[in-house]
Structures are given as structure tokens and as C-alpha cells.
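> Could you have a look at this structure, given as C-alpha cells, before my questions?
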Amino acid sequence: RLKSETRNSYLFFHDDMGDALMKQLILGNELRQAQEKQEFVLYYQFQMDLIKNKISGVEALIRWNHPSKGLLTPNEFLGEASEIGMIAEIDDWVMKSAFCEMKRWHKKGYLDLEIAINISKQQFERASFVECVNSALVFSQINPATVCLEITENIALNDIEESVEKIKQLKDLGVKVALDDFGTGYSSLSQLKNFPVDVLKIDPSFMIDSSGDDRDAALVKTIIHMAKLLGYAVVCEGIETADQLNFIREEQCDYAQGYFIGRPVPVAQLEKILVSSKLNRVNV
Ligand code: C2E
Ligand code: MG
Ligand code: MG
Ligand code: MG
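Residue numbering for the sequence shown follows the UniProt record's numbering, beginning at 294 and increasing consecutively.
Here it is, written out as C-alpha cells:
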């Protein structure tokens, strides 16, 4: 009896594995075709300058318009894209598309609108990465000073010396570099001070509602103050309420991003919001 049970559960397990594997294979195949079928789209989320009190830029966030499953968010497919070695190619497409889109906005007179894009580990570690960024800059003719590349601290920490060197090369191109999801990784403060990045983006998991724990508030305050003392510009992500916005503003945080300021939107909606925003458009 015991044996057959084992066998059954083995079979069951095996079937299950097959199922998961099959799903993965299908997803992988669909991903490979997605690029060709132009199913990837970019959504943009505003970042707000808390000192000038206006929109300062947008972050490009990829979506996959899947033929049967609808609009998928990055967490639903970037892992698989990474498994099948497609992520660098996707990031490259994102970079070129977002830069070209932003160049269009600059031409419309929104000269100082910044564009932030996310860089995966595979993309960052490519030997040709700096060259890729350079060719996207040249291709789009965008002003490098309006570009911010977001890497996570775990990517940066993988090989510190090499990362520092790469970040320096990127900065030589004139772009900014941000540490995304700051606070969730393993970097220590002593390591942080060695990274020549411009911006720290504090992870949403640190954002608290104002009724919340005093120690949470103390933590956010401390991170903001420490980052500013070290000379970084600070973005608080995941701002969902007016109270949170007021709180970080009082703590002299530089930039805010989150649903309270705006959800990620497709480019047509971005246009509507920009036109009615306080962003200073220059006549060109
Ligand atoms: P991220 O770079 O930290 O981007 C912020 C994420 O938080 C976005 O999720 C955004 O929709 C979400 N978010 C924004 N405001 C709020 C808020 O107020 N509350 C909450 N709870 N969430 C908020 P999304 O678009 O699902 O992207 C998830 C992650 O996927 C990104 O995190 C980024 O790491 C990655 N990602 C997105 N686009 C790309 C891309 O083109 N290339 C690469 N390599 N990674 C990307
Ligand atoms: Mg990001
Ligand atoms: Mg983040
Ligand atoms: Mg993230």
C-alpha cells in the first residue's frame, strides 16, 4: 500500500511538474514572439519634484499586452524572460523606445522632462552595456542629462569594483544613475558611500500610513536624512496618500512617486496629464 501511495504521489508530482514545465515552455515561446508582434508596451509613471512642486519626469515601466491573458505586469513575465536569456534584449528595446518617446516630448517643449528606466542584472553585466546606452543616446538624440538609469543595490553589489567602474563610465556619458528599491538589499552604509550614483529611490515597503508606528516614521526620516547627507537626491516611492506626501515633504525629500501622484499610464494619457500639468513648457 505504501508503495503504491508513493508511486501515486510520484506520478501526481510528475504530472504537476509537467504542467508547470509546459506552461513555462508556452510562456517562453510567447515571449519570443512578443517582441516581433509588438506586444510590449511602455507605461509611464510621474515623478514629482517636491521642491519646485511640479512634475520632473517619468519612469518607464514595461507591460506585455498578452494575446489571451491581457495586460501583464513585469513581475508576471520578466522572471521567465530572464530565464530564457531575453531580458537584455527587452531592456534594450525599452531603452531605445523610451528615449525616442522622451525626445518627442522634449521637441514639444518639455525640455527638462526626465526619463528613468530600469536596468536588469543581465543588462547591467553585459560587457557591451555602456556601449548600448551610448548607442541608444546617439540613436534617439536625447539630452543625456535628462536620462536616469535605475539599478538595484543587489546588482551593484555583485562585483563592487566592476560596478563602480561601470557606473563611472555611464556617468561619463552624462546620464544619471539611481539605486532602486533602496533599503531592501544587503548594502551597508559603508558600501553605499562608494557608489557614485546620483539618486536613491527608497522602497515602498518603508512607506507607512501616518497613523502607523513611530519607529517606521523614524526609519524613513533617517534614510532620507542620511541619503541627503551623503549627497544623494532622494525619491520616495509608493506614495499613496496625502499624509505620506506631507510627511516626506516635511523631511525634505526631493522627489515623490506613487499612486497618489499618478498611476503608470500609457503614453496617450501621459500627454493629457502633461498638457494640464504645471510643467514649464518652453516654446520651441
Ligand atoms: P520599480 O522600478 O521599483 O517600479 C515601481 C513599481 O511600483 C511599479 O510596478 C509601479 O507600478 C509600482 N508602484 C508605483 N507607485 C506605487 C504605489 O503608490 N504603491 C504601490 N504599491 N506600488 C506602486 P511595476 O510596473 O509592476 O514594475 C515592477 C518592477 O518591475 C519595477 O519595480 C522594476 O524593477 C521592474 N521593471 C519594470 N519595467 C522594467 C523594464 O523595462 N526593465 C526591467 N529590467 N525591469 C523593469
Ligand atoms: Mg524603478
Ligand atoms: Mg523601486
Ligand atoms: Mg522593484
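C-beta: ideal position from N, C-alpha, C; glycine also.
Values in this document were obtained by computation on a predicted structure and should not be read as measured data.
Per DSSP, which one or two residues make a beta bridge with W386?
The sequence position of residue 386 within the sequence shown is 93, counting from 1. W386 is not bridged to any residue.
> For V468, does the count of other Cβ atoms within 10 angstroms reach 16, so buried, or fall short, so exposed?
As a working mapping, residue 468 is identified with position 175 in the sequence shown. Classification of V468: buried, given that the 10 Å Cβ count is 16 or more.
> Please go through the same chain and pick out, in chain order, the residues whose beta-carbon is closer than 7 Å to the beta-carbon of residue 644, but skip the five residues on each side of it.
Residue 644 lies beyond the stretch modelled for the chain, which goes from 294 to 577, so this question has no answer here.
> Does DSSP classify S570 as helix, strand or coil?
Reading the sequence shown from its first residue, position 277 is the one you call residue 570. Three-state DSSP puts S570 in coil, outside helix and strand.
> C425 lies in the alpha helix (DSSP H); which residues open and close that run?
By 1-based counting over the sequence shown, the position of residue 425 is 132. From DSSP, the alpha helix (DSSP H) with C425 extends over F422 to S433.
> Is DSSP giving Q562 helix, strand or coil here?
Within the sequence shown, numbered from 1, the residue matching residue 562 stands at position 269. Three-state DSSP puts Q562 in a helix.
> Which of the three DSSP states is assigned to K401 in this structure?
Residue mapping note: residue 401 aligns to position 108 of the sequence shown, counting from 1. Residue state, collapsed to three classes: coil.
> If you check the beta carbons only, do A549 and I532 fall under 7 Å apart?
What you label residue 549 is simply residue 256 of the sequence shown in a count that begins at 1. What you label residue 532 is simply residue 239 of the sequence shown in a count that begins at 1. Yes, Cβ-Cβ distance for A549 and I532 is below 7 Å.
> So, helix, strand or coil for K362, using DSSP?
Here residue 362 is taken as the residue at index 69 of the sequence shown, counted from 1. Here K362 sits in coil by DSSP.
> Y525 to D491, Cα distance in whole Å?
Here residue 525 refers to the residue found at position 232 when the sequence shown is read from its first residue. Here residue 491 refers to the residue found at position 198 when the sequence shown is read from its first residue. Their Cα atoms are separated by approximately 5 Å.
> With hydrogens ignored, establish whether the beta-carbon of I453 is closer than 6 Å to any heavy atom of ligand 1.
The sequence position of residue 453 within the sequence shown is 160, counting from 1. Outside the cutoff, so no.
> What is the rounded straight-line gap between the Cα of Q462 and the Cα of G311?
The residue given as residue 462 occupies position 169 in the sequence shown. The residue given as residue 311 occupies position 18 in the sequence shown. Each residue's Cα considered, the two are about 45 Å apart.
> Does ligand 3 have a heavy atom nearer than 6 Å to the CB of K494?
By one-based count along the sequence shown, residue 494 stands at place 201. Yes - ligand 3 has a heavy atom lying nearer than 6 Å to the Cβ of K494.
> In the structure shown, what three-state DSSP assignment does I375 receive?
To locate residue 375, count along the sequence shown from 1; it is residue 82. Residue 375 is actually Ser in this sequence, not Ile. Of the three classes helix, strand and coil, the one that applies to S375 here is helix, per DSSP.
> Report buried or exposed for T299, applying the criterion of at least 16 other Cβ atoms within 10 angstroms of its Cβ.
The residue given as residue 299 occupies position 6 in the sequence shown. Residue placement at T299 cannot be trusted, given a pLDDT of 49 that sits under 50; what the coordinates show is reported in the next sentence. Answer is exposed; the Cβ neighbour count stays below 16.
> For A535, count neighbouring C-beta atoms within 10 Å of its own C-beta (all shown protein chains included) and say buried if the count is 16 or more, exposed if not.
By 1-based counting over the sequence shown, the position of residue 535 is 242. With fewer than 16 Cβ atoms within 10 Å of its Cβ, A535 is classed as exposed.
> Should N322 be listed as close to ligand 2, given that the test is whether its C-beta is under 6 Å from any heavy atom?
In the sequence shown, residue 322 corresponds to position 29, counting from 1. Not so, every heavy atom of ligand 2 lies at least 6 Å from the Cβ.
> Answer with buried or exposed for residue 578, where buried requires no fewer than 16 other C-beta atoms within 10 angstroms of its C-beta.
In the structure as shown, the chain begins at 294 and stops at 577. Residue 578 is therefore absent and cannot be evaluated.
> What is the residue span of the alpha helix (DSSP H) that K345 lies within?
Along the sequence shown, read from residue 1 onward, the residue named residue 345 stands at position 52. Where K345 is concerned, there is no enclosing alpha helix (DSSP H), given that its DSSP letter is neither H nor E.
> Taking the beta strand (DSSP E) that K521 belongs to, which residues open and close that run?
For the purposes of this step, residue 521 is taken as the residue at position 228 of the sequence shown. No beta strand (DSSP E) contains K521, which is instead part of the alpha helix (DSSP H) from D507 to L522.
> Just curious, the beta strand (DSSP E) that I408 is in, first and last residue?
If you number the sequence shown from 1, residue 408 lands on position 115. Residues E407 to N411.
> Could you check where the alpha helix (DSSP H) with A471 kicks off and where it finishes?
In the sequence shown, counting from the first residue as 1, residue 471 sits at position 178. Premise fails: A471 lies in the beta strand (DSSP E), K469 to F475, not in any alpha helix (DSSP H).
> Check whether the Cβ atoms of A374 and L324 lie closer than 7 Å to each other.
Against the sequence shown, residue 374 aligns to sequence position 81. Against the sequence shown, residue 324 aligns to sequence position 31. The answer is yes: Cβ separation under 7 Å.
> Straight-line CA distance for N427 to L466?
Against the sequence shown, residue 427 aligns to sequence position 134. Against the sequence shown, residue 466 aligns to sequence position 173. Their backbone Cα atoms lie some 7 Å apart in a straight line.
> Write down the C-beta distance between I377 and L371 rounded to the nearest angstrom, noting that I regard them as a contact closer than 8 Å.
Taking the sequence shown and counting its residues from 1, one reaches residue 377 at position 84. Taking the sequence shown and counting its residues from 1, one reaches residue 371 at position 78. Actually they do not touch by this definition, with Cβ atoms about 11 Å apart.
> Between which residues of its own chain and V513 is the CB-CB distance below 8 Å, once the five residues before and five after are set aside?
Numbered from 1 along the sequence shown, position 220 holds the residue referred to as residue 513. Once the five neighbours on either side are set aside, the close Cβ partners of V513 are I495, F499, M500, I501, C529, F540, I541 and E544.
> Between which two residues does the beta strand (DSSP E) holding L466 run?
Position 173 of the sequence shown, counting from 1, holds the residue named residue 466. From DSSP, L466 is part of no beta strand (DSSP E); its letter is neither H nor E.
> My guess is that K396 and S433 are in contact by the Cβ rule of under 8 Å, so how many angstroms apart are they, rounded?
As a position in the sequence shown, residue 396 is number 103, starting the count at 1. As a position in the sequence shown, residue 433 is number 140, starting the count at 1. Confirmed, about 5 Å.
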